[in-house]
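Novice: Can you read through this structure? Questions will come right after.
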Amino acid sequence: MKSFVVVALAIARLVAAQSSIVTGTAPGFAFGVTGGGTAPTTFIANIADLKAALTSSGPMNIVIGGTFDFRGSEGTTTSQTCFPYTCMPAAGGQGLLNGLGGCNSLPLSNVQIDTAGIEGINVQSDKTLVGLGTDTKLIGKGLRFVGVSNIIIQNIEITDLNPAYVWGGDALVFSGTSRIWIDHVTTSLTGRQHYSFGFDPSDAITISNSFLNGVTTNSATCDQHTYWALELVGTGDRITFYKNYVLNTSGRSPALSGNTLFHAVNNVWENNSGHLLEGTADGMGVYEGNAFINTPDIVDSGFVGQLYSASASNLAQCATALHRNCVANSFSNAGPFTNDQTGFFGDFSGLTIAPAASAASIATSVPASAGNTLPT
């Protein structure tokens, strides 16, 4: 009884320190994040004020509503580009911006890129950003979290980041960060990644109730499926991925590398035309209570990390690491996904573990509720 009271008091203090503009509290690894905390609520109405607020020092609770269209606000950038894919941008493909020399010996052309989409707003520590209603959008501009901590982003959509060009823009970028909660966020029509984690470690990150909408007008795989979904390459990243809907991808869902610890709970992956999981270094993932739908190829044959996929026969293996049994994944025209590696389970020590419901119970509820669907 004493331990229950201590936990209840801790949760009460957490809620008191988190602004009432936020719905719920962070599940999983980011539990305890407070964002702007008890700072006054600031209502923002235009893109200049939004950039100024997010990049300012000190705690802020920021509310926005409606459309914030950054396209054209920073002019255009001339970029050398090649076209390595089987279809051109005008036919639904993508060009490749040559900023990092990826075009090699391919012929180059000059194209005009909307500058605002190339790099996101550099959000500073101790910020809460909440969208008011279900139509709040950042168009043509993403968010960056570099060397910062204690941030909450909730109930917004980020879209239209130069989608015709790889490297045209990432929706959310993380590097050297900690205690960040992304919740009820929709991402779509990105130039590259929906979520991109850099090499510097990002700890205590939760992505929850969010919609990675991979339906795209421009696709590296020329099939209206985005390939560039989740790039998780940070050294020592620890990420909870909870109740998200990942639709119409063809790869990197995620690319799980860099010694990342990834806990995927109660997500729905649907209509993937390629593989979901890939990785070139020692990424580690526990997958439980997820629904895989119309996704025949889940793990790429070249994956070299460690994976545990919960099934009816191995659920008790989680008990020591997660302090509960795992919950089985479900498959509909999907799989197989039978990986059963547990050598990394000790890395969950001391972390807050998200709860898990049955995969059957979330197969339709998660697609309906994920993304910027909160009414207020």
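Per mature numbering (1 follows the signal peptide of the UniProt record, and there is no 0), the sequence shown runs over residues -17 to -1, 1 to 359. For each residue, glycine too, the CB sits at the ideal point set by N, CA and C. As the structure is a computational prediction, the values presented were derived from the model and not from experiment.
Mapping DSSP to helix, strand and coil, what is F328?
Specialist: helix
Novice: Based on the DSSP secondary-structure assignment, which residues constitute the bridge partners of K110?
Specialist: M43 and I134
Novice: In this structure, does DSSP put K120 in helix, strand or coil?
Specialist: strand
Novice: Where in the region 46 to 108 do unbroken runs of the alpha helix (DSSP H), each at least 4 residues long, occur, reported from the N-terminal end onward?
Specialist: 98 to 101
Novice: Hey, how far is the Cα of N93 from the Cα of T117?
Specialist: Between N93 and T117, the C-alpha separation is close to 38 Å.
Novice: Run through DSSP, which three-state label would K(-16) get?
Specialist: Because K(-16) carries a pLDDT of 46, less than 50, the predicted location of this residue cannot be relied on, and the following value inherits that uncertainty. In the structure shown, K(-16) sits in a helix (DSSP, three-state: H, G or I).
Novice: Using a Cβ-Cβ cutoff of less than 7 Å, which residues in the same chain neighbour A343 once the five nearest sequence positions on both sides are dropped?
Specialist: S313
Novice: Please identify the residue among K120, T169 and K226 whose C-alpha is closest to the C-alpha of A339.
Specialist: K226
Novice: Straight-line CA distance for V168 to C70?
Specialist: 30 Å
Novice: For A187, report the span of its beta strand (DSSP E) as first-last.
Specialist: D186 to S191
Novice: Let me make sure I understand the geometry here. Which of T24, L259, D265 and G58 has the alpha-carbon closest to that of G219?
Specialist: D265
Novice: Using the three-state DSSP reduction, which class does V287 fall into: helix, strand or coil?
Specialist: coil
Novice: Give me, in chain order, the residues of the same chain whose beta-carbon lies closer than 6 Å to that of G354; leave out the 5 immediate sequence neighbours on both sides.
Specialist: Correct list, in chain order: T169 and F194.
Novice: Please work out which residues of its chain come closer than 7 Å, Cβ to Cβ, to Q77, disregarding the five sequence neighbours upstream and downstream, and give them in chain order.
Specialist: Y68, A147, Y148, V149, N201, S202 and A203
Novice: Please name the residue in I47, T59 and T263 whose C-alpha comes closest to that of N29.
Specialist: Comparing Cα positions, the closest option is I47.
Novice: Could you tell me how far apart the beta carbons of G19 and D97 are, in whole angstroms, since I believe they sit closer than 8 Å?
Specialist: Going by Cβ atoms, the distance from G19 to D97 rounds to 30 Å, so no, they are not a contact pair.
Novice: By the 10 Å Cβ neighbour count, where 16 or more other Cβ atoms means buried, how is N44 classified, buried or exposed?
Specialist: Per the 10 Å Cβ criterion, buried.
Novice: Roughly how many whole angstroms lie between the Cα atoms of V129 and T335?
Specialist: In this structure, the straight-line span from the alpha carbon of V129 to that of T335 is close to 23 Å.
Novice: Pull up the DSSP beta-bridge partners for D323, would you.
Specialist: Partner(s): Y291.
Novice: At which residues does the beta strand (DSSP E) containing T25 begin and terminate?
Specialist: That run of the beta strand (DSSP E) goes T24 to I27.
Novice: Thinking just about the alpha-carbon of each residue, which of T263, Y291, D283 and F286 is nearest to the one in N273?
Specialist: Y291
Novice: Taking only the alpha-carbon atoms, compute the straight-line gap between L244 and M267 and give it to the nearest angstrom.
Specialist: 5 Å
Novice: For a minimum of 3 consecutive residues, which ranges assigned as the beta strand (DSSP E) are wholly contained in the region 199 to 243?
Specialist: 213 to 215, 221 to 225 and 228 to 230
Novice: Within a Cβ cutoff of 6 Å, which residues of the same chain sit near R221, ignoring the five residues on either side of it in sequence?
Specialist: F12, D186 and L244
Novice: Please report the straight-line C-alpha distance between L80 and G234, rounded to a whole angstrom.
Specialist: 20 Å
Novice: Hey, how far is the Cα of F224 from the Cα of L89?
Specialist: 38 Å
Novice: CA-CA distance, N192 and V16?
Specialist: About 16 Å.
Novice: Would A99 and F53 qualify as a contact pair, given that the criterion is a beta-carbon distance under 7 Å?
Specialist: For A99 and F53, yes; Cβs fall inside 7 Å.
Novice: Kindly identify the DSSP beta-bridge partner or partners of L33.
Specialist: Per DSSP, none; premise fails for L33.
Novice: What is the DSSP secondary structure of T303, reduced to helix, strand or coil?
Specialist: helix
Novice: Cα separation between A317 and W252?
Specialist: 10 Å
Novice: Tell me which residues share the same chain as residue 362 and place their Cβ nearer than 8 Å to its Cβ, disregarding the 5 neighbours each side in the sequence.
Specialist: Nothing about residue 362 can be reported from this structure: the residues present for the chain run from -17 to 359 only.
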